[in-house]
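The structure appears right after this line, and notes come after that.
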Amino acid sequence: MKTNEIVVVINPGSTSTKVALYNRSGLVSEHIIRHSQKELEPFHKVTDQFDYRYKIVKAALNDMLSKMKVIVVGIVGRGGIVKPLEGGTYKINNSFLDDAKTGKYGDHASNLGSMLANKLAKHFNLQESFTVDPVSAGNIAEKAVISGVPGIKRNRRGHPLNMKMTARKIAKQQNINFDEAKYVIAHLGGGISIAAVDGGKIVDVNDALMGMGPFSPNRAGALPSRGVIDLCYSMPRKEVESLLSKNSGLKGYLGVDDLRDVFKLIDSGNDKAQLIYDAFVYQIAKEIGAYHVALKCKANGIIITGGIAYSDRFISDLKEYVDSLTNFFVYPGENEMEALAEGAFRVIDKKEVALEY
């Protein structure tokens, strides 16, 4: 094993960009670049931030590399909102870049991941760059895409990168072959996605951005159709999209989108906060139950991950609903950086063939 060979990992978020170096044993170095709202205000679209972010990322990366003797053998960036894909590691080609840059399927900070990785690969004289399990990735069963209205399909935008990585860890913990495992996995953060993983593949997932599923700290989740129709006729489309994707959920009801602030309201005697929190837990539990049934009640476990999984109070309340269904696992936080690095190394080490977009 060549410990001096490293992969550069790039993960852009709405107000930060994570840059990390990984070798085959794990994390070598990491740096998080913060972007203030003032710095980002001049940019109309997220992908307009490319030159601004690239300059900062390149400087940070050069500084990190100047302190160690390593060989960069790969560049991998978080994949953005692109067309529906099967899960896996993808070569970043021109078609992928075009869809990410134009925001054809959605304008999101993760779209910058492939763009940054592609340019950095050229900087290091590498022939290829990669992305792993983009937001739209999954091996969704055909029956799961049917919405009930011809011409409208259920979207599958979730957190496959973290979900699959976490499921791999739990399968190893249970001594189960990941390619044979069945899990219900809930990624709970600013966005909430709950998925059925069967045979190592995500076969169903709610649309975490603007679609089905429970409401999140600031997103609406599934809504009654008549209410959506009334809303769409009462304000412009962009305002509706902003309301449903940024100013709904806990934030819409209570004015806060941090669960810790919700608990402060509850503990101060706020009855409305208690009701909305109870509904929050209830909707997540119902969705988990639905996906357990989708796996014919044969899941090897229910896995809770994401930032909200750090809350012992929330986990205790959720377990009251679902703990008796099957094994229950909590794996807080995100494993996105590690998942990106491992996906790139699987291709570099010829354990997996990179997919074409």
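Position 46 of the sequence shown, counting from 1, maps to 992 under this note's numbering, and the rest follow consecutively. For every residue, glycine included, the Cβ atom is placed at its ideal position computed from N, Cα and C.
- Scanning the stretch 1178-1228 for uninterrupted alpha helix (DSSP H) segments of 4 residues or longer gives 1183-1192, 1195-1200 and 1205-1213, listed from N- to C-terminal end.
- In this structure, DSSP gives R1259 a helical state, which the three-state scheme calls helix.
- Non-local beta-carbon contacts of A1067 in its own chain, meaning distances under 6 Å to residues more than five positions away in sequence, involve I1021 and S1075 in chain order.
- F1260 is the residue among Y1199, P958, V1186 and F1260 whose C-alpha sits nearest the C-alpha of I1250.
- Of I1138, G1146 and L1271, the smallest CA-CA separation from I1230 is found for I1138.
- For G1195, the CB contacts under 6 Å within the same chain, skipping 5 residues up- and downstream, are F1161, S1162, P1163, N1164 and R1165 in chain order.
- I1027 places its beta carbon less than 8 Å from that of S1056.
- Shown here, F1042 sits in a helix according to DSSP, grouped into three states.
- Here Q1073 is exposed. Its C-beta has fewer than 16 other C-beta atoms within 10 Å.
- Separation of H1133 and Y998 (C-alpha to C-alpha, rounded to the nearest whole angstrom) is 30 Å.
- Uninterrupted beta strand (DSSP E) stretches at least 3 residues long and entirely within the stretch 1228-1293 occur at 1247-1252 and 1274-1278, given in chain order.
- Within the same chain, Cβ atoms closer than 8 Å to the Cβ of A1255 are found at L1134, I1261, V1276, Y1277, P1278 and G1279, the five residues on either side in sequence being excluded.
- Between G1025 and P1080, the C-beta gap is smaller than 8 Å, which places the two residues in contact.
- For T1112, there is no enclosing beta strand (DSSP E); the residue is found in the alpha helix (DSSP H) stretching over P1106 to Q1120.
- For R999, there is no enclosing beta strand (DSSP E); the residue is found in the alpha helix (DSSP H) stretching over F996 to L1011.
- Contact between R980 and T961 holds: their C-beta atoms lie close to 7 Å from each other, under 8 Å.
- Of the other Cβ atoms in all chains shown, 16 or more fall within 10 Å of the Cβ of I1222; this residue is therefore buried.
- CA-to-CA, the gap between Y1129 and S1171 works out to about 30 Å.
- Rounded to the nearest whole angstrom, the C-alpha separation of P1182 and D1044 is 28 Å.
- Within the DSSP secondary-structure output, S1139 pairs in a beta bridge with H1133.
- Annotation: the continuous alpha helix (DSSP H) that includes E1088 extends over E1088 to V1091.
- By the neighbour-count criterion, in which 16 or more other beta carbons inside 10 Å mark a residue as buried, Q995 falls on the buried side.
- Here V1003 has I956, T963, V965, I979, L1062 and L1066 as same chain residues with Cβ atoms under 8 Å from its own Cβ, once five neighbours each way along the sequence are excluded.
- The shortest C-alpha to C-alpha distance from L1200 to any of N1040, F1226 and Y1179 is the one to F1226.
- Per DSSP, H977 is one residue of the beta strand (DSSP E) stretching across G972 to R980.
- The beta-carbon separation of S1041 and Y1303, rounded to 5 Å, stays under the 8 Å limit for a contact.
- M1109 sits buried, since 16 or more C-beta atoms from the chains shown fall within 10 Å of its C-beta.
- Looking from the CA of G1253, the closest CA among S1180, E1282 and I952 belongs to E1282.
- The three-state secondary structure of K1037, taken from DSSP, is strand.
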